[in-house]
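A.B. asks:
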Ligand code: GDP
């Protein structure tokens, strides 16, 4: 790296640590880039920023499209920024990995919060795999924390495996459910409900107020039957209305209480340690696969072997072993 590139890298680190938005946006863009030279710079940047990260309350928020996630985050964001917090909102959108219309990238979402100088909103990076999208979002969390944000929300849509990814990078996982009631709980994968530390029934206002209360009762009952994710923490089921601003403060206090419980019981440290370890392993598998794909000899063989597997002429396990062994032999030589 030349002297001017070094100076630019230092300036970017300083800019992020100083909380400057332009530097923050540049740093996240760099981390999202898949170009090899950008990747080197991104890793140097993350290396410099990591000692300054880790200080935020990391909150995962999930719920089906239309349940009221962005309206809730706007209302919570207003409360937090009025209270001198600095809030970053990041998204993990499985649809942005599959291509086609991203569910969470809509530019009109969270308009007021987007203009708030104490808040920073970043739509989901696009990627070819959910793993790739999640990986970049983890790095964005580190960058935002180094920039001084003390609350980081990672939002996702309650439709796929993205919840597991988000629960794997946050401290407290909040599930938003609609007042439609128990029927919906049937439709939502049980695994997602089991990840929840806090459940919030949205839209508890006007004609829906009664239904929201009934739904909360049903969810409470259903949750009683599940193994709690955290020992000593009965998952609270609350109602709120982001439109009327009711229940938002209570939701925040509950999230804070959950975080304090995690901290005091030693589980926060454990959760984050487990998450770091899982991140390491997923980085290793991603990087190994990328190295295999980038290897010209392996790529040529891969095409051949893939065809044989597709035609049913070779068992996938045998094909994979041959490819991996050939790659490792070449790497050793
Ligand atoms: P998202 O897709 O989960 O982000 O949902 P949105 O926040 O975009 O909300 C979807 C729809 O529900 C919008 O039409 C909102 O106006 C409406 N909505 C959101 N929050 C509330 C609420 O607290 N009460 C009512 N009555 N409607 C709400």
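In our numbering, the protein residues as written are 478 to 810. All C-beta atoms, glycine included, are put in the ideal place defined by N, C-alpha and C.
1. Keeping to the same chain, check which residues put their C-beta closer than 6 Å to that of residue 519; ignore five residues upstream and five downstream.
2. With distances taken from CA atoms, which of 645, 554, 618 and 745 is nearest residue 758?
3. Going by the CB atoms, is the gap between residue 569 and residue 633 shorter than 7 Å?
4. Is the beta carbon of residue 675 closer than 7 Å to that of residue 643?
5. Do you know offhand how far residue 561's Cα is from residue 592's?
6. Report the residue from 494, 605, 551 and 491 whose alpha carbon sits nearest the alpha carbon of residue 721.
7. Measuring from the CB of residue 639, is there a heavy atom of the ligand GDP at a distance below 6 Å?
8. Taking the beta strand (DSSP E) that residue 607 belongs to, which residues open and close that run?
9. Whole angstroms are fine: how far does the CA of residue 791 sit from the CA of residue 782?
10. Which residue spans inside the stretch 491-517 form an unbroken alpha helix (DSSP H) run of at least 4?
11. Would you check if there are 3 or more beta carbon pairs closer than 8 Å linking the stretch 591-609 to the stretch 496-516?
12. With a threshold of 6 Å on Cβ separation, who are the neighbours of residue 796 within its own chain once the five nearest residues in sequence on each side are excluded?
13. Can we count residue 718 as close to the ligand GDP, meaning its CB is less than 6 Å from some heavy atom?
14. Give the secondary structure of residue 440 by DSSP, where H, G and I count as helix, E and B as strand, and everything else as coil.
15. Does DSSP put residue 679 in a helix, in a strand, or in coil?
16. Looking at the structure shown, is residue 572 part of a helix, part of a strand, or coil, going by DSSP?
17. Would a C-beta distance cut-off of 7 Å place residue 732 and residue 617 closer than the cut-off?
18. Since residue 540 sits in a beta bridge, which residues does DSSP pair it with?
19. Going by DSSP, which residues form a beta bridge with residue 567?
20. Which residues in the same chain have their Cβ closer than 8 Å to the Cβ of residue 729, if we skip the five residues on either side of it in sequence?
21. How many angstroms separate the CA atom of residue 809 from the CA atom of residue 803?
22. For the ligand GDP, is there a heavy atom less than 6 Å away from the beta-carbon of residue 544?
23. Just to confirm the assignment, what range does the alpha helix (DSSP H) spanning residue 712 have?
24. From this set, 684, 715 and 709, which residue's C-alpha is nearest residue 697's C-alpha?
25. Between the alpha carbons of residue 547 and residue 684, how many angstroms are there, rounded?
26. State the start and end residues of the unbroken beta strand (DSSP E) segment that holds residue 654.
C.D. replies: From the atom records:
1. Close CB contacts of residue 519 within its chain, under the 6 Å cut and outside five residues either way in sequence, are with 507 and 508 (chain order).
2. Ranking 645, 554, 618 and 745 by CA distance to the CA of residue 758 puts 645 first.
3. In this structure, the beta-carbon distance from residue 633 to residue 569 falls below 7 Å.
4. Not a contact, by the Cβ cut-off of 7 Å.
5. Taking the straight line joining both Cα atoms gives about 16 Å.
6. Closest option to residue 721, Cα to Cα, is 551.
7. It does not: the Cβ of residue 639 is nowhere closer than 6 Å to a heavy atom of the ligand GDP.
8. Counting along the chain, residue 607 falls outside any beta strand (DSSP E), though it belongs to the alpha helix (DSSP H) covering 607-623.
9. In this model, residue 782 and residue 791 are separated by some 8 Å (Cα to Cα).
10. Qualifying alpha helix (DSSP H) stretches, in chain order: 498-509.
11. The stretch 591-609 vs the stretch 496-516: in contact.
12. Taken in chain order, the residues that qualify are 782 and 786.
13. For residue 718, the shortest separation between its Cβ and any heavy atom of the ligand GDP lies below 6 Å.
14. One cannot answer for residue 440 here, as it falls past the ends of the chain, which runs 478 to 810.
15. Correct three-state label for residue 679: coil.
16. Three-state DSSP puts residue 572 in a helix.
17. Contact check for residue 732 against residue 617 fails: the beta carbons are separated by 7 Å or more.
18. In DSSP, residue 540 forms a bridge with 634.
19. The partner list for residue 567 (beta bridge, DSSP) reads 599 and 631.
20. Excluding positions up to five away in sequence, the list reads 553, 556 and 557.
21. Computed Cα separation, rounded: 10 Å.
22. Within the chosen limit of 6 Å, the ligand GDP reaches the beta carbon of residue 544 through at least one heavy atom.
23. Annotation for residue 712: no alpha helix (DSSP H) segment contains it, and DSSP assigns it neither H nor E.
24. Answer by Cα proximity: 715.
25. Rounded to the nearest angstrom, the two C-alpha atoms are 21 Å apart.
26. Run containing residue 654: 649-654, per the beta strand (DSSP E) assignment.
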